[in-house]
Every structure is written in structure tokens, then in C-alpha cells.
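Heads up, the thing below is written out as C-alpha cells.
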Amino acid sequence: MDEKLLGLLITLFLGVFILIGAFISFLVKEKDKFIDFVLALAFSVILMLLFTDLMPEASEKLGFSHIWIFILFVIIGIVILRVLDTFIPDHEEEKMTKRKEKSNLAHIGIVASIALIIHNIIEGMAVYSTCATSLQTGLMISLGVGCHNLPLGIVVTTTIYQNNKSKKKTILMILGLMLSTFCGGLIMFFMNGIEINDTFLGILLSITIGMLIYICSNELYPRIRRTKNKKMTICGLMLGIILIAITCFF
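So the sequence shown is numbered by the working numbering: it starts at 1 and just counts up by one.
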């Protein structure tokens, strides 16, 4: 099979990890404890991803001489989600009723999905380009990407499903999220392998970093801080660190 077509199939396969995470979420019965565990897991996975993957890659693409571009677009990423916050259901972090709690979870899921779709498109572009150059390297990178997509699929599914209680609607939303990596691969496929300017990629990565920083500081951390299931939260934090540490070997 042509390496370009195989690279495209690999970007499609990466989305399957998100779907697997969704089905894991549906199988769990003790939702409250599981939500605390998953949010802590997502918090540590995203933080580790920022420091071990995204920030170094953005710095490499932009160059240390253009650090001001990095800072500027990180701020823009934060501002984008802050503005989007005004269009998403109420999510105050003070004492909440059950109804507001569900609304808050839906908010986290929606905001996380927006940032992850952008991130996955960039990721799909990178994986496809790597596979077209070196299939073996592309496969190893894909394994690491797939591993961190699994917990992210769990957290997005759990937060959205807790609000709408519809498996059909939730799966449709997850399918949209999982296809975002494939979309990145398609972009590169139809460009016939033309290399995208490193500065442009660095800017997109910087915006994504800003969005993920916002999710961690304004969405996930406040929920983790006031959790009642301390043991589950600690387990989630530790597992997230371990998962990303393992994927770093790939």
C-alpha cells in the first residue's frame, strides 16, 4: 500500500482511541467517583502533554528568537476560549445545585472539545507528514498519540453524557471529535505532501496551548480542588502522569 494512503488510514485509526474511551465511560456504573477520577486524569494528561509535547514543539517551530510570537498566540488562545465561555451554559464554581453541576460538566466537555479538535487537526497533519517520510517513525508516534487520546475520549464523553443523558447524541459528538485527526491527515493528503510553513504550525500550536491552559486553570482545576473523592482524584492524577510518561518513550 502507498505510504501516503497508509498514513491517512493511521490518522483515521487515531480517532478510534477516542471512541474506545467513550465506550469505557459508558460501562462504568459509579458515575460520581468516575467523573472525579476522569477530570483529575484529564488535568494531569493535559498538563503533561503541554510540557512534554506541545510547548517544546511550538518552540521548535517558531524558534527561540520568536518567543514573543509564542506568548502572543498563547494569550490569543486563552482569550478565544474566554470569549466562547460567554456563549456556553453557566458554570460558576461556587455551591451548585445538581442541575448546575450537570451544566458545568457539559461546559467542560464543550470547551475541551473545541480545543481538542484544533489540536487533533494539527496532530493529524504532523502524523501524516511523518508517515509519508518514515512509516516506522510515524507508527511509533501514532502509538503515543493514541494513548493520550484514550483518556481524553473518556473525559469528554463523561462530561457531555452527564448533561444530555443520550448515548446517541454523545456518540455523534464523539464521532465528530475522533474524525478531527483524520481531517488533519486529509489536509496534508490533498496538499500532496507540501510542507506547511513552520511559523504557521507554531502559531496554531501556540493557540492550542493557550486553550489547554485555560481548560486546566479555569475548568478542571476548580473541579479537582473541591472534589469529595480525594482518593479517586489522586489516582486519576497519578495515572495521567504515568500514561504520558510511558508515551514519551514512543
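A virtual CB, placed ideally from N, CA and C, is assigned to each residue, including glycine.
Same chain only: Cβ atoms within 8 Å of residue i, ignoring 5 sequence neighbours per side
i      : result
Tyr161 : Ser25, Phe26, Lys167 and Thr170
Ile10  : Val127, Tyr128, Cys131, Gly138, Leu139, Ser142 and Gly185
Ile122 : Gly184, Leu201, Leu204, Leu205 and Thr208
Euclidean distance between Cα positions of residue i and residue j
i      : j      : result
Met48  : Ile213 : 11 Å
Ile207 : Glu57  : 13 Å
Lys95  : Ile71  : Low per-residue confidence applies at Lys95: pLDDT is 45, beneath 50, and the placement is therefore not dependable enough to give any value.
Val83  : Ile76  : 10 Å
Ile242 : Asn218 : 24 Å
Thr233 : Ile35  : 9 Å
Leu39  : Gly210 : 19 Å
Gly7   : Lys228 : 44 Å
Leu201 : Thr158 : 31 Å
Phe51  : Cys183 : 25 Å
Ser65  : Asn120 : 27 Å
Ala22  : Met125 : 24 Å
Leu12  : Ser180 : 9 Å
Leu135 : Arg225 : 43 Å
Leu62  : Leu205 : 10 Å
Gly176 : Gly236 : 26 Å
Tyr221 : Met173 : 24 Å
Val155 : Glu60  : 30 Å
Gly153 : Ile246 : 18 Å
Contacting residues, own chain, Cβ-Cβ under 6 Å from residue i (five flanking each side not counted)
i      : result
Met178 : Gly15, Ile18 and Leu19
Ile203 : Phe73
Lys33  : Asn229 and Met232
Phe189 : Leu8
Span of the alpha helix (DSSP H) around residue i
i      : result
Gly240 : Lys230 to Thr247
Glu60  : Met55 to Leu62
Phe182 : Lys167 to Phe190
Phe200 : Asp198 to Tyr214
Residues near residue i in its chain [Cβ-Cβ closer than 7 Å; skip 5 each side]
i      : result
Cys216 : Phe43, Ile46 and Leu47
Leu239 : Leu41
Lys98  : Confidence at Lys98 is low in this model, with a pLDDT of 48, below 50, so its placement is unreliable and no value can be given for it.
Ile244 : Val45, Met48, Leu49, Thr52 and His148
Assigned secondary structure, residue i (DSSP; H/G/I helix, E/B strand, else coil)
i      : result
Lys4   : helix
Glu226 : Here the sequence assigns Arg to residue 226, which means Glu is not the residue at that position. Arg226 falls in the coil class under three-state DSSP.
Lys29  : coil
Residue i: CB within 7 Å of a non-hydrogen atom of the ligand ADP
i      : result
Thr199 : This structure simply doesn't include the ligand ADP, nor any ligand for that matter.
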